[in-house]
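**Student:** For reference, each letter of the sequence shown is one residue, going 398 to 538 in my numbering.
Below: one structure in C-alpha cells.
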Amino acid sequence: MHLIWDFIKGTFAGSLGFCLTAFLLSGCFFNPKGGELGAEPAELRDLNDLLRHAGAAKGIVPAKKSDLDRFQNDYPMGYESVKSGNVLVIWGAKLGAESDQGKGEFPIAYQKSVPEGGGYVLLSSGAVKKMTAADFRSSKK
Numbered sequence: 398m399h400l401i402w403d404f405i406k407g408t409f410a411g412s413l414g415f416c417l418t419a420f421l422l423s424g425c426f427f428n429p430k431g432g433e434l435g436a437e438p439a440e441l442r443d444l445n446d447l448l449r450h451a452g453a454a455k456g457i458v459p460a461k462k463s464d465l466d467r468f469q470n471d472y473p474m475g476y477e478s479v480k481s482g483n484v485l486v487i488w489g490a491k492l493g494a495e496s497d498q499g500k501g502e503f504p505i506a507y508q509k510s511v512p513e514g515g516g517y518v519l520l521s522s523g524a525v526k527k528m529t530a531a532d533f534r535s536s537k538k
C-alpha cells in the first residue's frame with residue numbers, strides 16, 4: 398500500500414508541475430490579442446522564394462500573375478496566396494538582396510488587410526515585417 402501511495406503522490410506532483418510550467422510559458426509565446434508573437438505568415442516566406450525564382454534573371458518581380466503559373470508546384474503556398482487574392486503583389490518591383498535588410502527596403506507584396514488595418518509585408522530584401530496601415534502608406538514603393 399505504501400508503494401502505491403508514493404507512486405500516486407509522485408505522479409500527481411509531476412503532473413501538477415508540468416501543467417503549471419506549461420501554463421506559465423504560454424504567456425511567453427502568445428499575445429493577448431491571439432496568435433503567436435513574431436510569427437510570420439508562411440505564405441509570404443514561400444512567396445518570397447517564388448518571386449525571387451521567377452524574377453531572378455531580371456532582378457525584378459514578374460510583371461503579372463500569370464508569370465508565376467509555371468512555378469505553382471514548386472511554391473504552392475506562395476502561389477495560392479496570390480491566386481486567392483489574400484496577398485497582393487507590386488508587379489515589376491525591384492528585388493533587393495538579403496544584405497539590404499534595414500537599408501532602404503520597400504514592400505513588394507503584402508497581405509490584403511495591410512492598407513486598411515495593418516499586417517505582414519514582404520520587403521524587397523526578402524524580410525517579412527509587420528506594419529501598421531500608416532507605416533505601409535508612408536513606406537517607399
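All C-beta atoms in this analysis are idealised placements derived from N, C-alpha and C, irrespective of residue type, glycine included.
(1) Give the secondary structure of VAL479 by DSSP, where H, G and I count as helix, E and B as strand, and everything else as coil.
(2) Out of LYS461, GLN469, SER463 and ALA460, which one is the CA nearest neighbour of ASP446?
(3) DSSP three-state label for LYS462, please.
(4) Locate the alpha helix (DSSP H) running through ALA439, then write down its first and last residues.
(5) Count the other C-beta atoms from every protein chain shown that fall within 10 angstroms of the C-beta of ALA459, then say buried if there are 16 or more, exposed otherwise.
(6) With a CB to CB cut of under 7 Å and the five nearest residues on each side skipped, what residues in its chain are close to ALA524?
**Tutor:** So, from the listed chains and residues:
(1) helix
(2) GLN469
(3) helix
(4) 439 to 451
(5) The amino acid occupying residue 459 in the given sequence is Pro; Ala does not appear at that position. PRO459 comes out buried.
(6) GLN498 and GLU502
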